Amino acid sequence: CGQPEIPGFRVVGGEESVPGKWPWMAAIFLHGPKRTEFWCGGSLISSRHVLTAAHCTRDTRQRPFSARQFTVRLGDVDLSRDDEPSSPQTYHVTEVRAHPKFSRVGFYNDIAVMVLDQPTRRSRFVIPLCLPPQRYQRDQFVGQRPTVVGWGTTYYGGKESTVQRQAELPVWRNDDCDRTYFQPITSNFICAGYAEGGKDACQGDSGGPLMLQREASWMQIGVVSFGNKCGEPGYPGVYTRVTEYVDWIKENMV
């Protein structure tokens, strides 16, 4: 897991990705009565499981969508094209396992696992992302610069960028993040962003991964949860801290 098969290169905020750079990125679509829309990001964490945010699985009244309303596209970089060399694969979702203690007020336990209808075909464009190994359980990752990837809007209120984008963001101390937001930022969150604003995960990127490269592999340390607008000065993005949920995730991957 966590090892792209194309040559690695360093990225800076907000630039477009190339096919195969982030082979675990999942684009989650919601099929409504009137239309299908790109809904959230996610990450492939096994051949049949996609990790995303629990708030992506509910409607505005907090009722869960049924699993059959979702499809997941893997190996996709440009959502507006069907002729990509990566031949994106679309999967149906058979089950949605949102954290039972998810709370829309405060976005606590904002994490969910989607089960795909069949195992993915591994290729250089479709490879799972690693969950953090046990030795990172206590690591706060403060000051490190993980990468966030998604298809969200490039500015607040704007329309989605159809092309995958990425940004490197420094991790904040939870205490500093807690002072920034009105609600308590507990140890189950991880915050990342620039104090001067600008580069950030934006709307439409909910559920996507925040990830760090360790040795040769990438591991997921956050799930995009919420933030104050997008890249607004003084407000980092807030992510569900994956190290706090590894046991729950594994229990829901059976």
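Numbering (UniProt numbering), first residue to last: 1 to 254.
Where is the CB? At the ideal position from N, CA and C, for every residue including glycine.
Predicted model only: the values in this text are computed from it and were never measured.
Check: Closest to R145 by CA distance: which of R173, V126, S47 is it?; Outcome: R173
Check: Starting from E215, follow its DSSP beta bridges and name the residues at the other end.; Outcome: Answer is none; E215 lacks a bridge partner.
Check: Go through its chain and collect everything with a Cβ distance to Y245's Cβ below 6 Å, but skip five positions before and after it.; Outcome: I111
Check: On the three-state DSSP scale, how would you describe R104?; Outcome: coil
Check: Below 9 Å between beta carbons: does that hold for A53 and V224?; Outcome: yes
Check: Could you tell me how far apart the beta carbons of S28 and V72 are, in whole angstroms, since I believe they sit closer than 8 Å?; Outcome: With the sequence shown as reference, residue 28 is identified as Ile, and Ser is not the correct amino acid for it. About 6 Å; that satisfies the 8 Å criterion.
Check: For the beta strand (DSSP E) containing I28, list its first residue and its last residue.; Outcome: 25-31
Check: For W248 and V242, what's the separation of their Cα atoms in angstroms?; Outcome: 10 Å
Check: Which residues in the same chain have their Cβ closer than 7 Å to the Cβ of G207, if we skip the five residues on either side of it in sequence?; Outcome: I28, C40, G41, G42, T52, A53, C56, V223, V224
Check: CB-CB under 6 Å to N188, same chain, minus the five flanking residues each way: which ones, in chain order?; Outcome: R241, E244
Check: Hey, would you say P85 sits closer than 9 Å to P19, going by beta carbons?; Outcome: yes
Check: DSSP three-state call for V171: helix, strand or coil?; Outcome: strand
Check: Can you give me the Cβ contacts of H31 inside the same chain, cut-off strictly under 6 Å, excluding the 5 residues immediately before and after it?; Outcome: Q69
Check: Less than 9 Å between the C-beta atoms of R58 and A98, yes or no?; Outcome: yes
Check: For G106, which residues in the same chain have their Cβ closer than 8 Å to its Cβ, ignoring the five residues on either side in sequence?; Outcome: Q183, P184
Check: Consult DSSP for I6 and reduce its assignment to one of helix, strand or coil.; Outcome: coil
Check: Label V254 either buried or exposed according to how many other C-beta atoms from any shown protein chain fall within 10 Å of its C-beta, with 16 as the threshold for buried.; Outcome: exposed
Check: What residue range is occupied by the uninterrupted beta strand (DSSP E) comprising W151?; Outcome: First-last for W151: undefined, no H or E at that position.
Check: Return the CA-CA distance between W65 and H92, expressed in angstroms with no decimal places.; Outcome: The amino acid at residue 65 is misidentified as Trp; the sequence shows Phe. Cα-Cα distance, rounded: 14 Å.
Check: Distance, Cα to Cα, G75 vs S87?; Outcome: 7 Å
Check: My output table needs one value for G55: the three-state DSSP class, helix, strand or coil.; Outcome: In the sequence as presented, Gly is not what sits at residue 55; that position holds His. Note: H55 maps to helix in three-state DSSP.
Check: Relative to the C-alpha of V115, which residue among G143, R48, R121 is closest?; Outcome: R48
Check: In three-state DSSP terms, what is C130?; Outcome: strand
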